[in-house]
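Presented below is the structure to which this report refers.
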Amino acid sequence: MEKHHMRSNIQATARLDKPLFAFLLLISLASAAAEVNATVSVTVVSRATISFNSFGISASSVTQGRPMLFTAAFNNTGNSGGSFTVTVYLVNSSNVTVQTITFSPVLILEGESASASKSAAITAAPGNYTLLATGSYGAYLSDSMTSSLVVNAAPSAPVAAGGAPFFLSVPSAPQAAVAERPVVTALDLVDGEQLSVSFYPPGEEVRAYANPSGSDLTGITGVAATLAERMTDSRIIIRYVPAGYPSNVPEPPPSVYKRISVETVNIGPGSIRSLSISFKVSRIWESGQFDKNTVALYRFADNKWNRLPTSLIGSDDKSFYYVASSPGLSYFAIVAEAPQPFDVISYPMVEEIPPGRMVTHAVAISNPGADTSSGTVSLSGVPSEWIVDPVRTVSVDPFSTLNVRFIVFVPSNATPGESALLTNVMFGDSEKSILTALRVVGPRENGVYVYRTITADVARNETKVTLSSENALQTRADVVEVSDRLPSELQLSKVTFITEPSGYSDGVVSYAFPLDSGVKRVDEFVLDTLFDSYSIYLNWAIDQVSTMTYPAHAIGIDSVFSTSFQPGGAGKVNITLINHGTSPTTVILRLSLPERWMAVPLQATDNIQPRSASSYEFEVNAPSDAAAGAYPGKAAVFYELSSLEAPLSLVVTSPAVTVIETSGLAASATTLILAIAFIAALIFVLISFRKRRKARAR
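Going by the working numbering, the first residue of the sequence shown is number -12, and it counts up by one from there.
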């Protein structure tokens, strides 16, 4: 009975639980379907995790426009290699980024450390800044580090509150003779501006500014002089000349604004190495009939008036401000010239060229007037067969600039030396000749030519130096070092590098680089000084090639690259070989791998054409039990009677972490299946319950 009763209960329970069983069955099926659906979307997370170790700068303060060195060190704690780019932001006190400096990308492998550096000129305005260094690798950002930087004003003529330029003076209090510091006194200009110098070291610059009443009287706002020798109790006296010059000095060109005399006391003819004069012109005088761009300072020398290089440097609501450079002292006049039909604003002052080469001789001609100017531009001074089309007829549109280019070809048998190449510009009655020193450089014993072009940019008041290096050898030069030693008068603070140098110090700019056969390289930098065409500065000697090494083999291994590996997985090894020689060469390239590593193929044989490169790809398999880390290998090249090797690093990374993610679509499908299962189970229960009630009613 007990057994029968138990069996009856079980049967009853089974009968009563059929709907529930069906419901649970449907729920299980839906859950299984949802589980299967959830595994459809799989994301493998395998990436670098890079953070800074350190960030530094070469100095805590820098002069505006000067370069400084930024350095950063970082490490990779992720499970994959990555390319890391450092960016430095200069942020002012208002949290505004005023300059951005970006390093070149650096490849850093898993678990390794690396460093990077960048030299850049600071262009931000003087002030205190926060340096924020951060990095990026792919779509990810690293942590950041900060530092502080003070930017100081550049040592040029600053601008006063009213916009007028002035020169900084040294302390006016008398100094002891042993200190050898200049003593500068700015006096009232009613009787003359006096610049007194006592025990001043030669080769340095002394500056003085004029007080307002004095500058209004003479128009002179400041004087800067570089002394060639030590002087004591010396003076420069500037006087306003109201009535006219002495009888032996003719009147300057028409439209004179101010007549000025400059006298010296205890200063010899060669005591002043260079001189610049700043002056101003009233807007009221200029607005009558003259253009601000036609104002110039004239100097009386060699029994005639000579126009000095003059630049417009600023203005305010009362005056325009100018600066002019002068080779000496004498009588001066501030005048407004009649507009010229043309002006030459850019031209080469020095062009160096090897025999058998050609150079593009380019001059830029501007038209400052409102009418079209026409004329001729021609070259002379060298054999006519050197110049292609030596005479050009040109027209320059109003307020426009035209670049006129000539091809100058130097024959291969030309004798090394210097020729005076003249560019003659004639527009109507106006004529101008410009001298270019055309230097034919001799052959170099090492087979590399290095030659220079020096170009004057009048519009920007600067000089550009271009260094061209050309490999005339039949083989590659692994290292070429070119140095250009600037004159002592040119300070590095006046140099802006267009091409980043390998180094620069004590006036020497150096570039080091490899140079393939027949390849030409160009490096450039700019000096913020405009030289006179006859300046002795243009004759400074280039050191040319100071060091040079050649490849030890005609065949070289140009690059070796390997992908990363997973344990038991396959990767690629790519190797590029280059033939520096002049004849085809048969090579055998063979991989030497760690134990139980496999490669297909294990070696390759090829015939590489002269002065060309070939790349080879190998499929490499890592052992299934390889632990994470770097495994050393070698790439060996055999040709003729020579051989060479290059190291090969095979990096095994940790197995990628697999993260299961349910996509939005999969989640929606799961929800729908569960809802259908629930509704079906509910309907089934209701139908079963209804049938049961009908059965009981009977």
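Yeah, the Cβ is synthetic: ideal placement off N, Cα and C, and Gly gets one too.
Same chain, Cβ closer than 7 Å to residue i, five either side skipped, listed in chain order
i, result
"Ile394", "Met345, Thr347 and Val375"
"Pro588", "Phe605"
"Val495", "Ser470 and Arg472"
"Val73", "Ala59, Phe90, Ala103, Ala120 and Gly122"
"Pro113", "Gln51, Val138, Asn139 and Ala140"
Outcome for residue i when other beta-carbon atoms lying within 10 angstroms are tallied against a minimum of 16
i, result
"Glu405", "exposed"
"Leu502", "buried"
"Lys267", "buried"
"Val412", "buried"
"Gly429", "exposed"
"Val31", "Here the model assigns Val31 a pLDDT of 40, short of 50, so the residue's position is not dependable and the matter cannot be decided."
"Ser456", "buried"
"Gly616", "exposed"
"Asn354", "buried"
"Met55", "buried"
"Asp330", "buried"
"Ile(-3)", "Because Ile(-3) sits at a pLDDT of 40, beneath the cut-off of 50, its placement in the model cannot be relied upon, and the following sentence gives the value as read from the coordinates. Ile(-3) should be labelled exposed."
"Met585", "exposed"
"Ala541", "buried"
"Ile674", "exposed"
"Leu578", "buried"
"Phe512", "buried"
"Leu262", "buried"
"Ile95", "buried"
"Ile575", "exposed"
8 Å CB neighbourhood of residue i in its chain, flanking five on each side removed
i, result
"Gln86", "Tyr76, Leu77, Ile109, Thr110 and Ala111"
"Val381", "Ile352, Ser361, Gly362, Thr363, Val364, Leu389 and Val391"
"Val236", "Phe287 and Tyr318"
"Ser135", "Ser47, Asn115, Tyr116, Thr117 and Leu118"
"Ile670", "none"
Closest by C-alpha distance to residue i, when choosing among the options
i, options, result
"Tyr498", "Pro554, Leu473 and Leu454", "Leu454"
"Ser629", "Gly543, Val445, Leu422 and Asn458", "Gly543"
"Leu425", "Ser504, Phe414, Ser361 and Pro342", "Pro342"
"Thr462", "Asn400, Val506 and Gly556", "Val506"
"Leu118", "Ser48, Ala622 and Ala140", "Ser48"
"Ala283", "Asn290, Phe307 and Asp289", "Phe307"
"Ala46", "Ser265, Gly558, Ala668 and Asn139", "Asn139"
"Met336", "Phe484, Ala586, Thr423 and Ile95", "Thr423"
"Asn594", "Ala613, Val624 and Ser41", "Val624"
"Val466", "Asp203, Ser489, Tyr318 and Arg379", "Ser489"
"Val607", "Ala614, Lys559 and Trp373", "Lys559"
"Thr483", "Ile421, Ser106, Glu468 and Pro377", "Ser106"
"Tyr116", "Ser80, Leu580 and Phe548", "Ser80"
"Asp130", "Lys279, Phe42 and Leu136", "Phe42"
"Asp493", "Lys481, Ile485 and Thr486", "Lys481"
"Ser599", "Thr402, Asp545, Pro554 and Gln590", "Asp545"
"Gln553", "Val638, Pro634, Ala591 and Glu487", "Val638"
"Arg53", "Ala668, Leu514, Ser549 and Arg679", "Leu514"
Distance between beta carbons of residue j and residue i, contact taken as under 8 Å
i, j, result
"Tyr438", "Ile340", "6 Å"
"Ala212", "Ile247", "Between Ile247 and Ala212 the Cβ distance is about 16 Å, and since that is not below 8 Å, they are no contact."
"Val364", "Val350", "7 Å"
"Ile37", "Asn63", "5 Å"
"Leu316", "Val249", "4 Å"
"Thr694", "Ser100", "With the chain covering -12 to 685 only, the question about residue 694 has no answer from this structure."
"Ser551", "Gly68", "6 Å"
"Leu564", "Ser601", "6 Å"
"Val435", "Ala464", "6 Å"
"Ser269", "Lys305", "7 Å"
"Ile225", "Thr251", "Actually they do not touch by this definition, with Cβ atoms about 11 Å apart."
Nonlocal neighbours in the same chain, by C-beta distance under 6 Å from residue i, ignoring five residues either side
i, result
"Pro597", "Asn566, Gly568, Thr569 and Ser570"
"Ser298", "Val310 and Asn448"
"Ala320", "Pro239, Val243, Arg246 and Tyr285"
"Glu627", "none"
"Ser636", "Ala617"
"Arg392", "Thr347 and Ala349"
"Ser102", "Ala60"
"Val93", "Phe71, Ala101 and Ala103"
"Thr573", "Asn594"
"Asp227", "Asp is not the amino acid found at residue 227; the sequence shown has Tyr there. Only Leu204 and Thr205 meet the Cβ criterion."
Could you name each continuous alpha helix (DSSP H) segment of 4 residues or more that falls completely within the segment 461 to 517, going from the start of the chain to the end? Correct list: empty.
Can you give, in chain order, each stretch of the beta strand (DSSP E) that sits fully within the segment 402 to 448 and has at least 3 residues? For the segment 402 to 448, whole beta strand (DSSP E) runs of length 3 or above, ordered along the chain, are 404 to 414, 417 to 427 and 435 to 444.
My parser needs the beta strand (DSSP E) runs of 3 or more residues fully inside the segment 545 to 624; what are they? Counting only runs of 3 or more, we get 557 to 566, 572 to 579, 585 to 587, 590 to 595 and 599 to 608.
Taking only runs of the beta strand (DSSP E) that begin and end inside the segment 216 to 281, which ones reach a length of at least 3 residues, in chain order? Note on the segment 216 to 281: whole beta strand (DSSP E) runs with a minimum of 3 residues are 221 to 227, 243 to 252 and 259 to 269, in chain order.
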